[in-house]
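To start, the structure under review is shown below, and the notes come after it.
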Ligand code: PEP
Ligand code: MN
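Numbering (this note's numbering), first residue to last: 1312 to 1580.
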């Protein structure tokens, strides 16, 4: 078993995910649904302090067939329009090498490896190999279960392919009892990762930890108190009509109120 202390070749000076003086906010709908939804949401979000990255799920990993699986490739065109109209950087989850090729072709700025992909080391390896030498930033979500070495292993697979603009997203874990969360945060586990790799940007996906709007504030505040570099919060211009994760998304103006209510402890060292 490999037990050496991990080290990554993070290019701090050139990293576009690198630590900034105030937390970065990644926001956008759980799923891209149509062009109007994407643009209305993005126009609202671009006005908010800290929101610099727009996320939207294009291909959705769902538990059972029959639920909304995402709009697929057409959503990448809407992401491109969002970038042109708002200047926000764009991000989406990629779960196989054809997703990667399509997203890169359509100019997606940041690739996200989802929790259901991070668990699969064969798939992570294929994706990482397909990116060999690319300069695209990659954000790796934690694996579904709390296995720090699996998370680290995914980061190492990208690192070994020359990806130096790396960060992680903490979205919580499936444990025996997740209550009251959707996914248990297990903060200590992530603090351990932060201690091992102090230069690695760490973002908190408050939405997928909380699973409901009422828990977004305490989860986000805890992450900021622990010195996370930013937050990911799902936002939809009309959450009750959302095709996925309706119960946890915020309207852009609600996200604004949430962000204003948070105590920002983060400072540049
Ligand atoms: C998402 O971000 O919409 C998502 C599906 O997340 P996760 O990979 O954390 O389940
Ligand atoms: Mn979601």
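Cβ atoms here follow ideal geometry from the backbone N, Cα and C, with glycine treated the same way.
Residue pairing for residue 1516: DSSP places it in a beta bridge opposite 1543.
Under DSSP, residue 1365 forms a beta bridge with 1338 and 1401. The C-alpha of residue 1361 lies about 25 Å from the C-alpha of residue 1426. When secondary structure is reduced to three states using DSSP, residue 1321 falls in the coil class, being assigned neither helix nor strand. In this structure, DSSP gives residue 1474 a state outside helix and strand, which the three-state scheme calls coil.
Note that the region 1421–1435 touches the region 1446–1460; at least 3 beta-carbon pairs, one per stretch, sit closer than 8 Å. With a threshold of 6 Å, the Cβ atom of residue 1519 counts as near the ligand PEP, since some heavy atom of the ligand is closer than that.
With a threshold of 6 Å, the Cβ atom of residue 1357 does not count as near the ligand PEP, since no heavy atom of the ligand is closer than that.
Those residues that have a beta carbon less than 5 Å away from any non-hydrogen atom of the ligand MN are, in order along the chain, 1341 and 1556. Here the region 1470–1482 lies against the region 1324–1344, with 3 or more beta-carbon pairs under 8 Å apart. Around residue 1527, the same chain offers 1517, 1518, 1521, 1544, 1559, 1561 and 1569 as residues with beta carbons nearer than 8 Å, after the five sequence neighbours per side are excluded.
In this structure, residue 1452 has its beta carbon less than 6 Å from a heavy atom of the ligand PEP.
Taking C-alpha positions only, residue 1460 is separated from residue 1436 by approximately 15 Å. Using a Cβ distance threshold of 7 Å, residue 1423 and residue 1404 count as a contacting pair. Taking all protein chains shown into account, residue 1523 has fewer than 16 neighbouring C-beta atoms within 10 Å of its C-beta and is therefore exposed.
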